[in-house]
């Protein structure tokens, strides 16, 4: 029976990241060519390239571990305000949405009353400016609101995301002053609901498939 066997590595093989590989004398390598016998006699036992790589600052940067690595990257920790918003939305979702989510799903009912309760808390229009009745928080906090609502009922989360990401943002960017004043305040307080219409049966939102 034929089997794929792993070839044994030669004794001289070392991975390129090995410190011993870099630290070895590589006089025969293209990095450390010796031009004359006199220079060869004075050549150090270690290649200057290997010594430089072995003691370079980047090695100390790479060897940091744990929280030191995260400090060199973007800060993904939530702020105190964001944690408070997350706790408030989660508590609302578990208290107001969870008890009736299965009933609404079974009966095919739209949770209009629950969505109306989001407005006084500032969770219905987190990306609409306060001048139009919204709460206007940062994008990360807006994502937290949608995420916590979707944990319990994606229909409620979709109502918030469509109202802000699709309809509200479009009116803010492309609408006239009169259109903003007409549509954004009732959208922020829940008097009207936003919707997204699909283009073609079977096409969905994939415009390339039309």
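In this note's numbering, the protein residues as written are 418 to 627. Note that CB positions come from ideal geometry on N, CA and C, so glycine has one too. Values in this document were obtained by computation on a predicted structure and should not be read as measured data.
Residues bridged to residue i (per DSSP)
i           : result
residue 524 : DSSP output for residue 524 lists no bridge partner at all.
Residue i vs residue j beta-carbon contact at 8 Å
i           : j           : result
residue 542 : residue 604 : yes
residue 602 : residue 550 : yes
residue 531 : residue 545 : no
residue 589 : residue 599 : no
residue 518 : residue 562 : no
residue 573 : residue 566 : yes
residue 607 : residue 536 : yes
Residue burial classification, residue i (beta-carbon count within 10 angstroms, cutoff 16)
i           : result
residue 469 : Legend: pLDDT at residue 469 = 48, less than 50; position of this residue unreliable, value from coordinates given subsequently. With fewer than 16 Cβ atoms within 10 Å of its Cβ, residue 469 is classed as exposed.
residue 480 : Only weak support is given to the placement of residue 480: the predicted model assigns it a pLDDT of 49, under 50, and the question is left unresolved by the model.
residue 540 : buried
residue 538 : exposed
residue 516 : exposed
residue 552 : buried
residue 594 : exposed
residue 576 : buried
residue 570 : buried
Terminal residues of the alpha helix (DSSP H) in which residue i lies
i           : result
residue 558 : 556-569
residue 582 : Residue 582 -> no alpha helix (DSSP H), and no H or E assigned at all.
residue 597 : 594-606
residue 538 : 529-538
residue 503 : 497-509
Review point. Is the segment 508-521 in contact with the segment 577-587, if contact means three or more CB pairs nearer than 8 Å?
Key: no
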